[in-house]
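What follows is a short report on a single structure.
There are 2 protein chains.
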Amino acid sequence: MAMGRPRAFCTDTALNRALEVFWRKGYEGASLNELTEAMGINKPSLYAAFGNKEDLFRKALDRYTKEKVAYISEALDAPTARGVAERLLFGAADMLTDPSHPVGCLVTKGAMTCGDEAQSVRDQIEHLKADYETRMHARLEQAKQDGQLPADADVVQLTQFLTTFIQGMSHQVVHGATRAQLHKVAEMALLAWPARP
Amino acid sequence: MAMGRPRAFCTDTALNRALEVFWRKGYEGASLNELTEAMGINKPSLYAAFGNKEDLFRKALDRYTKEKVAYISEALDAPTARGVAERLLFGAADMLTDPSHPVGCLVTKGAMTCGDEAQSVRDQIEHLKADYETRMHARLEQAKQDGQLPADADVVQLTQFLTTFIQGMSHQVVHGATRAQLHKVAEMALLAWPARP
DNA sequence: CGACATTCTTACCAAACGGTACAGAAATGC
DNA sequence: GCATTTCTGTACCGTTTGGTAAGAATGTCG
Chain C
5 MAMGRPRAFC
15 TDTALNRALE
25 VFWRKGYEGA
35 SLNELTEAMG
45 INKPSLYAAF
55 GNKEDLFRKA
65 LDRYTKEKVA
75 YISEALDAPT
85 ARGVAERLLF
95 GAADMLTDPS
105 HPVGCLVTKG
115 AMTCGDEAQS
125 VRDQIEHLKA
135 DYETRMHARL
145 EQAKQDGQLP
155 ADADVVQLTQ
165 FLTTFIQGMS
175 HQVVHGATRA
185 QLHKVAEMAL
195 LAWPARP
Chain F
5 MAMGRPRAFC
15 TDTALNRALE
25 VFWRKGYEGA
35 SLNELTEAMG
45 INKPSLYAAF
55 GNKEDLFRKA
65 LDRYTKEKVA
75 YISEALDAPT
85 ARGVAERLLF
95 GAADMLTDPS
105 HPVGCLVTKG
115 AMTCGDEAQS
125 VRDQIEHLKA
135 DYETRMHARL
145 EQAKQDGQLP
155 ADADVVQLTQ
165 FLTTFIQGMS
175 HQVVHGATRA
185 QLHKVAEMAL
195 LAWPARP
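Protein chains in written order, with this note's numbering: chain C, 5 to 201; chain F, 5 to 201.
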């Protein structure tokens with residue numbers, strides 16, 4: 005079978021470019037023109053390679069979670085409940101302000117800038133959030149069983165506290181908060197964390 | 005001078021309707037069709053009465069801050085620093101989940117769903133945020149002078165902690181958090197608040 | 001070399017966007 | 001009753017959106 009000329013672009017780097025655009029502008033804010041220009045291809049190629057704007061976003065989101073939000077999984081590996089909380093908050097602060105990629109959180113931005121039409125995108129983001137929360141909850145529950153948290157600790161509340169704060173930081177950084185500032189407020193948030201019993 | 009027939013609609017309620025649409029869908033998410041339909045007028049009337057989509061949003065935002073975000077000003081009137089923090093967090097939790105209007109925060113949503121083109125909208129939101137932060141900062145600084153906060157309290161940090169948390173709650177509520185849940189995490193956040201010296 | 005598969009380019013589509021021109025309807029002043 | 005002034009309804013403008021169809025260009029294999 006005859007093969008056409010090899011891809012003039014690398015699908016992998018093209019997806020990274022797309023991720024960056026989505027990250028900067030959100031789902032609806034990123035137009036196909038911007039995307040194709042950044043990816044170095046044109047619309048029919050994009051359509052052939054990725055199928056759809058929604059599909060493209062989903063793939064970009066996939067890569068985002070696997071490569072950029074790895075800090076959450078690492079944080080959950082911390083040996084103590086407090087360690088988990090610390091790593092989550094500081095890890096988020098560092099990731100959100102990493103100068104090697106756009107500021108803020110793709111999930112946060114994407115969820116906000118996705119209208120009613122792209123329900124599947126919204127669903128995937130919701131699913132993602134739920135998954136992270138489930139894992140955080142399970143990890144803290146285990147820590148509680150291990151005696152690392154007070155017997156009357158409300159694990160749901162602790163989880164929600166962390167996610168609330170992380171999302172707040174994700175918003176702050178869009179409005180210009182620096183890494184140092186995030187670290188300070190994260191430190192303050194940890195004052196609310198229950199002491200080992 | 006001859007007068008045409010009186011307005012068939014009340015500008016005041018029309019603006020309220022517009023506010024509600026913006027509140028639900030964000031700035032870019034709200035199309036002129038939705039707006040005019042909700043307001044009960046058509047596009048030329050809207051243009052004549054409010055000038056512009058940007059102008060309309062600005063006026064809606066004005067009303068929003070004067071009527072819906074009044075809790076911030078009330079909170080700043082609390083007699084103690086802790087009272088200010090409590091009223092801010094619980095006031096935000098209550099406002100964000102008030103069933104009489106769309107969930108979440110117009111400023112938060114609007115800032116996210118406003119692309120590069122509507123720079124003036126973005127500017128106004130930024131200005132609004134800065135204004136609130138300045139007032140919160142000033143109030144806490146005064147509380148510190150009054151001896152309600154430790155002498156080494158970092159007022160900037162305290163302010164940023166509160167805004168971070170409030171924005172986090174504003175995000176949580178969009179994803180289905182209930183008022184009771186927000187109250188619980190707000191209570192937890194207050195554990196980080198410095199004790200009176 | 002020549003036939004083929006595959007990619008890229010150009011141009012286009014229908015729909016929706018924000019915004020407006022224009023003519024008709026309604027109400028007041030004379 | 002008439003003219004004037006205002007407001008409304010329709011229909012439209014140019015642009016941009018996401019998404020495609022068809023031809024030109026380029027590679028590999030026989």
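Each residue gets a CB set at the ideal place from its N, CA and C atoms; glycine is no exception.
Fill in: Integer Cβ distance of residue 36 (chain C) from residue 57 (chain C), believed to fall under 8 Å
Stepping through the first sequence from its first residue, residue 36 (chain C) is reached at position 32. Stepping through the first sequence from its first residue, residue 57 (chain C) is reached at position 53. Between residue 57 (chain C) and residue 36 (chain C) the Cβ distance is about 7 Å, and since that is below 8 Å, they are a contact.
Item to complete: State the Cα-Cα distance for the pair residue 85 (chain C) and residue 156 (chain C), rounded to the nearest angstrom.
Response: Within the first sequence, the letter at position 81 stands for residue 85 (chain C). Within the first sequence, the letter at position 152 stands for residue 156 (chain C). Their backbone Cα atoms lie some 15 Å apart in a straight line.
Worksheet entry | Min CB distance residue 125 (chain C) to chain F below 8 Å | Taking the first residue of the first sequence as position 1, residue 125 (chain C) is located at position 121. False, the Cβ-Cβ gap to chain F never drops below 8 Å.
Worksheet item: Hey, does residue 141 (chain C) have any beta-carbon neighbour from chain F nearer than 8 Å?
Response: For the purposes of this step, residue 141 (chain C) is taken as residue 137 along the first sequence, with counting starting at 1. Closer than 8 Å: no.
Worksheet item: Counting only beta-carbon atoms, is residue 99 (chain F) nearer than 8 Å to chain C?
Response: The residue given as residue 99 (chain F) occupies position 95 in the second sequence. Closer than 8 Å: no.
Worksheet item: Whose Cβ in chain F lies nearer than 8 Å to the Cβ of residue 195 (chain C)?
Response: Here residue 195 (chain C) is taken as the residue at index 191 of the first sequence, counted from 1. Ordered by position in chain F, the residues that pass the 8 Å Cβ test against residue 195 (chain C) are 195 and 196.
Fill in: Contacts of residue 169 (chain C) in chain F (Cβ-Cβ under 7 Å)
As a first step, residue 169 (chain C) must be located in the first sequence, where it is residue number 165. Result: 168, 169 and 172.
Discussion item. Quick check on the DSSP output: the alpha helix (DSSP H) that includes residue 124 (chain C) runs from which residue to which?
Written reply: As a first step, residue 124 (chain C) must be located in the first sequence, where it is residue number 120. Looking at the DSSP string, the run of the alpha helix (DSSP H) that includes residue 124 (chain C) is 123 to 149.
Practice prompt. Indicate whether at least one CB of chain C lies closer than 8 Å to the CB of residue 189 (chain F).
Written response: Start at 1 with the first residue of the second sequence, and residue 189 (chain F) comes out as number 185. With 8 Å as the cut-off, residue 189 (chain F) counts as an interface residue toward chain C.
Discussion item. Counting only Cβ-Cβ distances shorter than 9 Å, please list the residues of the region 29 to 58 of chain F near chain C, keeping chain order.
Written reply: 29, 30, 32 and 33
Worksheet item: Beta-carbon of residue 7 (chain C) versus every beta-carbon of chain F: anything under 8 Å?
Response: Indexing the first sequence from 1 puts residue 7 (chain C) at position 3. Here the model assigns residue 7 (chain C) a pLDDT of 41, short of 50, so the residue's position is not dependable and the matter cannot be decided.
Discussion item. What would DSSP say about residue 32 (chain C), mapped onto helix, strand or coil?
Written reply: To locate residue 32 (chain C), count along the first sequence from 1; it is residue 28. Correct three-state label for residue 32 (chain C): coil.
Practice prompt. Answer yes or no: does any C-beta atom of chain F fall closer than 8 Å to that of residue 26 (chain C)?
Written response: Stepping through the first sequence from its first residue, residue 26 (chain C) is reached at position 22. Chain F contact via Cβ: absent.
Worksheet item: Within 8 Å (strictly less), CB to CB, does residue 165 (chain F) reach chain C?
Response: The residue labelled residue 165 (chain F) in the question sits at position 161 within the second sequence. Judged by the 8 Å Cβ criterion, residue 165 (chain F) is in contact with chain C.
Item to complete: Please decide whether residue 70 (chain F) counts as near chain C, where near means a Cβ-Cβ distance under 8 Å.
Response: Within the second sequence, numbered from 1, the residue matching residue 70 (chain F) stands at position 66. Judged by the 8 Å Cβ criterion, residue 70 (chain F) is not in contact with chain C.
Worksheet item: Do the region 100 to 115 of chain C and the region 172 to 187 of chain C meet, that is, are 3 or more Cβ pairs less than 8 Å apart?
Response: yes
Discussion item. Would you say residue 128 (chain C) lies against chain F (beta-carbon separation less than 8 Å)?
Written reply: The sequence position of residue 128 (chain C) within the first sequence is 124, counting from 1. Taking Cβ atoms only, chain F never reaches closer than 8 Å to residue 128 (chain C), which makes this a no.
Item to complete: At 7 Å on the CB atoms, spell out the chain F contacts of residue 117 (chain C), in chain order.
Response: If you number the first sequence from 1, residue 117 (chain C) lands on position 113. Those within 7 Å of residue 117 (chain C) in chain F are 116 and 117.
Worksheet item: Where does residue 48 (chain F) fall in DSSP's three states?
Response: To locate residue 48 (chain F), count along the second sequence from 1; it is residue 44. If DSSP states are grouped into helix, strand and coil, residue 48 (chain F) belongs with the helices.
Worksheet entry | residue 75 (chain F): first and last residue of the uninterrupted alpha helix (DSSP H) it sits in | Sequence index remark: in the second sequence, residue 75 (chain F) carries index 71 (1-based). It spans 74 to 80 - the alpha helix (DSSP H) in which residue 75 (chain F) sits, taken as one unbroken run.
Practice prompt. Go through its chain and collect everything with a Cβ distance to residue 194 (chain C)'s Cβ below 7 Å, but skip five positions before and after it.
Written response: On the first sequence, residue 194 (chain C) is found 190 positions in, with the first residue counted as 1. Cβ neighbours of residue 194 (chain C) beyond the five flanking positions: 89, 90 and 93.
Item to complete: Please confirm if residue 113 (chain F) has its CB atom under 8 Å from at least one CB of chain C.
Response: For the purposes of this step, residue 113 (chain F) is taken as the residue at position 109 of the second sequence. With 8 Å as the cut-off, residue 113 (chain F) counts as an interface residue toward chain C.
Worksheet item: Run through DSSP, which three-state label would residue 184 (chain F) get?
Response: The count along the second sequence starts at 1 and reaches residue 184 (chain F) at position 180. Looking at residue 184 (chain F) - three-state DSSP - the assignment turns out to be helix.
Worksheet item: Quick one: which chain F residues come within Cβ less than 7 Å of residue 133 (chain C)?
Response: Working through the first sequence from its first residue, we reach residue 133 (chain C) at position 129. The answer, in chain order, is 179.
Worksheet item: What's the C-alpha gap between residue 87 (chain C) and residue 183 (chain C)?
Response: By one-based count along the first sequence, residue 87 (chain C) stands at place 83. By one-based count along the first sequence, residue 183 (chain C) stands at place 179. Near 20 Å, if we compare the C-alpha coordinates of residue 183 (chain C) and residue 87 (chain C).
Worksheet item: Taking residue 50 (chain F) as the reference, which of F:14, F:150, F:119 and F:116 has the closest Cα?
Response: Stepping through the second sequence from its first residue, residue 50 (chain F) is reached at position 46. Here the closest residue by C-alpha is F:14.
Discussion item. I'd like to know if residue 152 (chain F) contacts chain C, where contact means its C-beta is closer than 8 Å to some C-beta of that chain.
Written reply: The count along the second sequence starts at 1 and reaches residue 152 (chain F) at position 148. Not an interface residue.
Discussion item. Please confirm whether residue 176 (chain F) has its beta-carbon closer than 8 Å to some beta-carbon of chain C.
Written reply: Position 172 of the second sequence, counted from the start, is the residue given in the question as residue 176 (chain F). So yes, residue 176 (chain F) belongs to the interface.
Item to complete: Quick one: using the 10 Å Cβ neighbour count with 16 as the cut-off for buried, is residue 32 (chain F) buried or exposed?
Response: Working through the second sequence from its first residue, we reach residue 32 (chain F) at position 28. Looking at its Cβ environment, which holds 16 or more other Cβ atoms inside 10 Å, residue 32 (chain F) is buried.
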